[in-house]
Amino acid sequence: MNYPKLQLMQAFTTKNIPDLDVCVLAALELFIKEGLPKLNLKKSKRPLVVGSGNAAATGRIIFEDQDAVFADEGTYENKLKVIKSIDQVIIISASGSKHAIEISKKLKRLNPVLLTCNKNAPAKQYIDNKNFYVFPKNREPYTYNTSTYLSMIFAKTQEDPKEILSFLKTKIDPLIPKNLKKFDSFYLLIPVEFDNMREMALTKFDELFGPIISGRVFTPEQTKHAKTVVSSKKEFFISFGYPNNNFGYENNRLNIPLPKNADYASVISIVYYIIGKIQKQHKPYFKRSIEEYMKKASNIFSLELKPIVE
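Per my numbering, the sequence shown starts with residue 1283, numbered consecutively.
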């Protein structure tokens, strides 16, 4: 099997940053090529799962079938004080650095587990080998975090990336409208059983479009509660695995199918892929802005941050 998008990810520069849909295809090719580690995380009765941003959403997805407590770097200490039944800490961090180091060191007594994409993660020094999980990742634009957290979710759901790759090309591509650039607002309808990934979709709109293109993400049930009181002919409704016959103007609707027995990895891949198609049809807001943003972010965090994460 050839891996054209994977090869592209290994060679792009700030002059030809790929869109999000390309990163999704490359991530799927990576998982097909390299495989994924198996997760064995049901040893504890009440784990504390710590992560920020997309890592936090990933934690809620991976541990939604367990009696887990969720926190970020600012709240985990209070959770430990209040909830005495916590018996292990799970840290989710693509880099395995920053707050992951402090948390794994402080909570060594709780037999910490680290889920990361960095085999040389600085936090590794405080983690037992059996609790150190390294997932494959691609070289990607800063903030995209497509292969990183998707790899962890695939490891949880055990879905087949080859099947999803085929589904995107054969079922989704023919449905993509050519006129998405007409719209400056997009409303995504996510099945209620995948509510934990809504934040990930919203984050992508923030990162790629900022205040220029609006993204709203709700389940059909949430949408029934006054989300469409004010309407706009420039808002486009995209539903996933749900026949939307009620929300948005009739000509501003797109119903996207989901694979049979779809789980989180499939849904996130498809949603990200669609957002990438929106990105492709609009002006390159992210690509024009990322280098200047990285200079500011480097000053804010007192770190050298680059537009491309190797």
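All C-beta atoms, glycine included, are put in the ideal place defined by N, C-alpha and C.
Owing to the predicted nature of the structure, the values given are computational and were not obtained by experimental measurement.
For F1519, the enclosing beta strand (DSSP E) stretches over residues E1517 to F1522. Relative to K1451, the option among E1346, K1406, K1559 and L1536 whose CA is nearest is K1559. Annotated as proximal: F1449 and P1541, with beta-carbon spacing under 8 Å. One thing to note: I1538 has its Cβ within 8 Å of the Cβ of S1521. Following the DSSP letters along the chain, one finds S1496 inside the beta strand (DSSP E) bounded by residues S1496 to F1500. Ranked by Cα distance from P1459, the options R1498, H1564 and F1345 are led by H1564. Residue burial is scored here from C-beta neighbours: E1517 has at least 16 other C-beta atoms within 10 angstroms and is therefore classed as buried. Measuring C-alpha to C-alpha distances from P1473 to each of N1533, P1443, Y1424 and Q1504 identifies Q1504 as the nearest. Take I1446, set aside five residues on each side of it, and the residues of its chain with a beta-carbon closer than 8 Å to its own are L1310, P1541, A1547, S1548, S1551 and I1552, in chain order. For the region 1505-1578, the full-length alpha helix (DSSP H) segments reaching 4 residues or more read 1546-1563 along the chain. Each of I1344, V1512, A1437 and D1369 was checked against the Cα of G1530, and the nearest Cα belongs to V1512. Contact between S1375 and T1340 does not hold, since their C-beta atoms are separated by about 10 Å, which reaches or exceeds 8 Å. Here DSSP, grouped into helix, strand and coil, assigns I1590 to strand.
Of the other Cβ atoms in all chains shown, fewer than 16 fall within 10 Å of the Cβ of T1357; this residue is therefore exposed. Within the region 1414-1474, the complete beta strand (DSSP E) runs of at least 3 residues fall at 1414-1416 and 1467-1471. Taking the Cα of A1544 as reference, the smallest distance to any Cα among K1578, F1476 and E1355 is reached at F1476.
In the structure shown, P1404 adopts helical secondary structure according to DSSP, grouped into three states.
Non-local beta-carbon contacts of P1423 in its own chain, meaning distances under 7 Å to residues more than five positions away in sequence, involve I1299, I1572, P1589 and I1590 in chain order.
If you look at I1374, you'll find it in the beta strand (DSSP E) that goes Q1370 to I1374. I1314 is not a Cβ neighbour of K1438, given a cutoff of 8 Å.
Of the other Cβ atoms in all chains shown, fewer than 16 fall within 10 Å of the Cβ of N1360; this residue is therefore exposed.
In this structure, DSSP gives T1340 a helical state, which the three-state scheme calls helix.
The region 1397-1412 and the region 1287-1296 do not touch, with fewer than three beta-carbon pairs separated by less than 8 Å. From the listed residues E1532, H1507 and I1365, the smallest Cα separation to F1519 is found for E1532.
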